[in-house]
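Written out below as C-alpha cells is the structure these notes cover.
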Amino acid sequence: MSQAEPVPNPSATPSAAAHACAGHACAGHVSAGHVSAGHAICGHWIGGAWRASTGDIDFTTRHAARRWPRGNAQDALVALDSAASALAKWTASARRERIAALRRLLGALESDGTLVESFRAAFACDDDEARSWCERELFAARQALEIVADDVAERRELVVCGAHWSDGVGRLLARVIGALASGATLAVASDGLFPDGAAALARAAQASELPPGVMNILFDDGRAVLDAWLGDPRVDRARLAGTETRLAALARAARPGLVLALKPAVSTSLALPDACDPREAAAAAVETSFSRSGTLSGQLPGRHGRVLCPKRHFSRFCEELLAALDRHPDVARPLPLFEPDALESLEEAWFLGLDEGATPLAGGPPWFVPQEGDRGGGPGGDRRSGRRALGVRPVVFTHVDPKSRSGRFRRAVPVLWLMRVPDARAGEELARRLDA
C-alpha cells in the first residue's frame, strides 16, 4: 500500500468529470508520446471512457508526482455494471473477432512509448534494464495471446483481477488475456505501488477501441475495490496476486462459491542436478537470486530464494557462491527496496535464520546505504530512512534446515537459503514441497 498521505481528489468535481470524458487519454495525460507526471489521473477506465471517481481521495506513489484516484465500493459497483452489461455481446461475438480485438490491444500496448520510462522511474533502474524489463513484459503478453489464440474454452463469465506490482504491464495483460479470449468481461484493480501498469493497459484499450465494458480498470492502493467485487454475486471468478498474507485476507473476504485463482508473490527453489558444475551453478544462482534486471536485486516474485544442493557438491558450491557474489557487478549496486515493508521482512529473515541455527555465509544485518541527509540504519535503526533505502547487500545463509521456518521462508527479499540434500532427486522432491 502506498505510504503517501491521501490528498483531495480534484477529479471528483463536476468540472473534472467533464474533463475526464473529453476524449483525450487522461490517464497520465499522454501527450507527444510521454507521460506528464505532474497531473492528477482524471479517473478510472470504465465502459470505454475515463470516468471521474465517485470519491474525493487520491493517492500517490513514491516514484512519481502523479496522483491517482482511490477507488471505492461505489466505483467498484459501477465497473461491475459496465462489465455485466457488455458480457452478452462480447460472449456472442465470434472467437476470431475477440482474438483480433486482443491483437489490436496488444499492438497498442507495444506502441506505448511511456513503458520504458515508467519502469525506470518506478524501480530506479537504468535505461537498458528498463528496456530489458519492457521487452520481457511484452514477450509474456505475446506468448499468452498465441496460446489462447490456439485453444481456449468458451466461458460467459464476469471476472475480476487484482494486480500485483510485479505484473508490470505485459504480465498483467498475460494474466487476463485468456479470460477475454474465452468471452469473459473484466474488472481490474491496480496495485497501489505500481498503478502505471494498469494505466498503460487502459490507454491500450482506448487506443485499440476495445468494445466498451469488456475491460474496466480501477485504481486503488487498498482493498475497498476488491472487497466490493469479492462479495458481489455477479462475479464468477477472481484472479488475485499478492503476498501470501494479503491473499489469505482476500480469500476470507470472498463470498462462498466464488472461484478463486491465487498467484502468491513468493520466491522459488532451485534444485541442482547431481552432475552440476559448482562454479557454473553458483554463478547461475547469483544471477537468478540477486541480479538487477532479472530479479530487481532479489525482490521480484519467482526469483530463486532457496538452493537445494546435493551433498557431494555442497562445500564446493558454497565456496563458489562467495566468489560469484564478489564477481557479479549487480551485487555491489543493488536496486532500492521497493515494497514499504521489505526491510522489516529482511530483518525477520535475518533473525529467524540466526535463531534456528543457520550459518550466515554472506551479508549481515541488513544495513542499507542511506540517502543524502539520512542516517544509516539496520535492525533497530531509523525505519523511515529504511523505507527510502538505496539498497541492501544480499544475505546468504547456509546449513538451513528445510523443516524450519527459515527453510520455508518465501517472501521475495534479497536473502538466499542454502540447503544440503542427499541427491538431485531428493532436492527436486523437496523443492516441490517448499514451493507448493
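Residue numbers (the working numbering): 84 to 519.
We put the CB at the ideal spot given by N, CA and C, even for glycine.
By the criterion of a C-beta distance shorter than 7 Å, R488 is surrounded in its chain by L435, E439, once the five residues flanking it on both sides are discounted.
Below 8 Å, enough C-beta pairs join the region 310-328 and the region 238-252 to call them touching: three or more. Under the three-state reduction of DSSP, A441 is assigned to coil, being neither helix nor strand.
Each residue's CA atom was taken as its position, placing T143 and R149 some 6 Å apart.
Per DSSP, F400 lies in no beta strand (DSSP E) segment; the continuous alpha helix (DSSP H) that holds it begins and ends at 397-410. Separation of L309 and A281 (C-alpha to C-alpha, rounded to the nearest whole angstrom) is 15 Å.
Under the DSSP assignment, D141 falls outside any alpha helix (DSSP H), being part of the beta strand (DSSP E) whose first and last residues are 140-143.
Following the DSSP letters along the chain, one finds G245 inside the beta strand (DSSP E) bounded by residues 241-245. By the 16-neighbour rule on beta-carbons within 10 angstroms, T328 is exposed. Contact annotation: A432 and V478 have beta-carbon atoms nearer than 8 Å. Positions of the beta strand (DSSP E) runs, each at least 3 residues long and wholly inside the region 232-311, are given as 241-245, 268-272, 298-301 in order along the chain. The beta carbon of A337 lies closer than 7 Å to those of L313, A321, L343 in the same chain, with the five residues before and after it left out. If you draw a straight line from the Cα of P339 to the Cα of A358, it is about 49 Å long. Residue pairing by DSSP places H127 opposite R134 in a beta bridge. Going by beta carbons, A331 and A191 fall outside the 8 Å limit. DSSP places G385 in no alpha helix (DSSP H); its state is neither H nor E. Going by DSSP, S165 is part of the alpha helix (DSSP H) stretching over 156-175.
Between L228 and A272, the C-beta gap is not smaller than 8 Å, which leaves the two residues out of contact. According to the DSSP assignment, P347 belongs to the beta strand (DSSP E) that extends over 342-347. Here the alpha carbons of L418 and A368 stand approximately 18 Å from one another. Our two residues, R219 and G253, have alpha carbons roughly 8 Å apart in a direct line. Sixteen is the threshold: since fewer than 16 other Cβ atoms of the shown chains lie within 10 Å of the Cβ of G196, the residue is exposed.
Annotation for A354: the continuous beta strand (DSSP E) segment containing it runs 351-354. Going by beta carbons, S372 and D413 fall outside the 8 Å limit.
Inclusion of T442 and T378 in the CB contact set at 8 Å is not warranted, their separation being larger than that value. A contact is defined here as three or more CB-CB pairs under 8 Å, and the region 346-354 fails this definition with respect to the region 292-300. No residue range can be given for T326, since it is assigned to no alpha helix (DSSP H) and is classified by DSSP as neither H nor E. Less than 8 Å separates the beta-carbon of A365 from that of F400. Residue environment analysis places R508 among the exposed positions, since fewer than 16 neighbouring C-beta atoms fall within 10 angstroms of its C-beta.
Taking 8 Å as the upper bound for CB-CB distance, R389 and L517 are in contact here, some 6 Å apart. In this structure, A311 and L160 form a Cβ contact; the two beta carbons are roughly 6 Å apart against a cut-off of 8 Å. Annotation: F202 to P485 spans about 35 Å, alpha carbon to alpha carbon.
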